Amino acid sequence: MAEIQAKIKTLEDEMARTQKNKATNYHLGTLKAKIAKLKSELINGPGGKSAGSKDAGRGFDVTKSGDTRIGLVGFPSVGKSTLLTALTGTRSEAAAYEFTTLTCIPGTMKYQGARIQVLDLPGIIEGAADGRGRGRQVISTARTCNLILVVLDAGKPVTHKKIIENELFSFGIRINQTPPEVKFIKKENGGIGYQEVVRQTKGMSPEVARLVCREYKISCAEVILREDITVDQFIDVLEGNRAYIPVLYVFNKMDAITMEELDILDQMPNYVPISSQNMWNLEELMEEIWSRCNMLRIYTKPKGQIPDYDEPVILHAENPTIEEFCNRLHKNIINSFSHAWVWGRSAKHQPQRCGKEHVLEDEDIV
43 MAEIQAKIKT LEDEMARTQK NKATNYHLGT LKAKIAKLKS ELINGPGGKS
93 AGSKDAGRGF DVTKSGDTRI GLVGFPSVGK STLLTALTGT RSEAAAYEFT
143 TLTCIPGTMK YQGARIQVLD LPGIIEGAAD GRGRGRQVIS TARTCNLILV
193 VLDAGKPVTH KKIIENELFS FGIRINQTPP EVKFIKKENG GIGYQEVVRQ
243 TKGMSPEVAR LVCREYKISC AEVILREDIT VDQFIDVLEG NRAYIPVLYV
293 FNKMDAITME ELDILDQMPN YVPISSQNMW NLEELMEEIW SRCNMLRIYT
343 KPKGQIPDYD EPVILHAENP TIEEFCNRLH KNIINSFSHA WVWGRSAKHQ
393 PQRCGKEHVL EDEDIV
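In short: position in the sequence shown from 1, add 42, done, that's my numbering.
Put into structure tokens, the structure is as follows:
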């Protein structure tokens with residue numbers, strides 16, 4: 043492990059010394075591909091198995107429950123346990139010393155009819171992705187979440203945010219990003235085919251693509267770039283094990299800072315200031331969690347009865363269809379499906395007789 047880290051350090055130093063321009067794109071692409079491959083070996087072991095596999099540092103054994111799962115990630119003693127108790131009522135030990143929580147504590151909060159599982163993960167430290175302080179277990183569990191809440195102490199330096207971002211990035215988590223629109227197909231012969239649907243301005247070129255593929259021992263493939271991407275994004279496509287997860291930055295202990303400091307924090311995107319101890323601004327936090335998890339409520343209406351507004355069916359997919367709704371209830375329903383009556387914003391008239399391809403909207407009644 044020490045030998046791999048030394049190689050990574052040497053390559054990173056060489057990258058830092060290299061000027062960034064069109065003439066050095068080829069060389070920088072080589073260095074980035076080598077670093078990504080070494081980091082993959084460091085995390086997953088020789089052979090580069092996918093992050094999150096049995097050999098990649100198993101996460102905590104917590105059964106997934108509810109309609110969605112969110113994880114609390116942060117440094118020790120930033121108030122994660124107090125926040126879990128405030129959101130879910132689940133008792134998680136909290137004290138004035140660091141590393142109070144030594145394992146994953148799950149809780150469930152109900153909001154807008156949805157049951158949201160909240161995981162209080164042990165505090166991580168710098169170097170967590172390399173295995174320090176049970177960091178791999180924490181981040182492996184964070185990869186299974188639909189949303190990550192990075193909990194930060196509002197009174198501590200904002201550089202803590204960058205450290206946690208780097209740890210998540212090193213473990214293959216791409217925060218607040220979407221998968222790049224790149225079509226990559228391995229072939230048996232024909233060499234590396236390269237097409238650009240969109241002009242590339244961030245360093246990609248046929249030479250760089252072939253070079254990176256060579257580093258991954260890929261000699262025959264078809265590469266089609268449908269958006270302007272960086273070399274790092276292309277490497278992510280080749281790795282094929284990246285997790286694209288939305289992240290919300292929760293600045294806790296806002297009662298300990300001044301209004302001027304709060305105004306500075308307010309310029310940051312994707313953040314919510316709270317005080318979990320004083321129960322301040324938790325409603326805004328729950329609204330942000332709801333909107334970022336992209337959840338839709340669909341109410342069921344048994345024939346001849348009033349709709350059930352207490353227990354909605356929660357769907358995650360964008361533009362979910364009636365077929366997905368049926369599969370959420372029971373996988374055998376769709377086999378005998380004829381039609382459904384739909385009330386709500388997606389219906390052209392109330393009610394509308396619909397087939398299984400009909401796209402539902404939030405708070406529709408089926």
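Positions of the beta carbon are idealized from the N, C-alpha and C atoms, including for glycine. Small disclaimer: the values here were computed from a predicted structure and weren't measured.
Put residue i into one of helix, strand or coil per three-state DSSP.
i    : result
F276 : helix
F367 : helix
L163 : coil
A298 : helix
G149 : strand
L327 : helix
T110 : strand
R133 : coil
I271 : coil
G71  : helix
D55  : helix
Note down, in chain order, each residue of its chain lying with its Cβ closer than 6 Å to the Cβ of residue i, except the 5 sequence neighbours on either side.
i    : result
Q47  : none
S92  : Here the model assigns S92 a pLDDT of 43, short of 50, so the residue's position is not dependable, and the following value carries that caveat. N283.
D109 : A156, R157 and I356
I166 : G177 and V180
A137 : Residue confidence is low: A137 scores 48 on pLDDT, short of 50, so the model does not pin down where it sits. Its coordinate-derived value is still stated next. Once the five neighbours on either side are set aside, A137 has no close Cβ partner at all.
S107 : Q159
Y139 : With a pLDDT of 44 at Y139, under the threshold of 50, the predicted position of this residue should be treated as unreliable, though the coordinate-derived value follows. The answer is none, since no qualifying residue turns up.
L129 : M151 and V160
I206 : V192
Verify whether the separation of the beta carbon atoms of residue i and residue j is less than 7 Å.
i    : j    : result
V401 : N336 : no
L253 : T52  : no
V192 : Y291 : yes
L189 : I112 : yes
Y286 : Q219 : yes
L126 : G149 : yes
V289 : I217 : yes
I227 : C255 : no
K74  : V250 : no
R395 : H381 : yes
I299 : A196 : yes
Between which two residues does the alpha helix (DSSP H) carrying residue i extend?
i    : result
P354 : Where P354 is concerned, there is no enclosing alpha helix (DSSP H), although the beta strand (DSSP E) it sits in stretches over D350 to L357.
A118 : Note on identity: in this sequence residue 118 is Pro, with Ala being the wrong assignment. Note, P118: premise wrong, no alpha helix (DSSP H); not H, not E.
Q179 : G177 to A184
L253 : P248 to E257
V226 : Position check: residue 226 holds Phe in this sequence, whereas Val was assumed. Taken as a continuous stretch (DSSP letters only), F226 belongs to no alpha helix (DSSP H), being part of the beta strand (DSSP E) at V224 to K228.
L210 : T201 to S212
For residue i, collect the residues of the same chain with a Cβ closer than 7 Å to its Cβ; drop the 5 residues on either side in sequence, then sort them by chain order.
i    : result
H202 : F117 and L194
P393 : W383, V384 and W385
E230 : C262
F379 : C368 and K398
K81  : I50 and S212
K76  : L53 and E257
M32  : There is simply no residue 32 to check, as the chain begins at 43 and stops at 408 in what is shown.
Nearest chain C C-beta to residue i closer than 7 Å, yes or no?
i    : result
V314 : Reference to chain C is not applicable here, since this structure consists of a single protein chain.
Within the same chain, show all residues whose beta-carbon is closer than 8 Å to that of residue i, passing over the 5 residues directly before and after it, in chain order.
i    : result
N323 : M296, V314, P315, I316 and S317
N377 : none
Can you tell me where the beta strand (DSSP E) with residue i in it begins and where it stops?
i    : result
A263 : A263 to L267
G235 : I234 to E238
T342 : L338 to T342
Check whether the region 237-251 and the region 260-277 touch, using three or more Cβ-Cβ pairs below 8 Å as the test.
Cβ pair count under 8 Å is three or more, so yes.
Meets three-Cβ-pair contact criterion under 8 Å: the region 391-400 and the region 361-373
The region 391-400, when compared against the region 361-373, does touch it at the 8 Å Cβ threshold.
Assess contact between the region 151-160 and the region 326-346, defined as three or more Cβ pairs (one per stretch) separated by less than 8 Å. Is contact present?
Segments in contact, yes.
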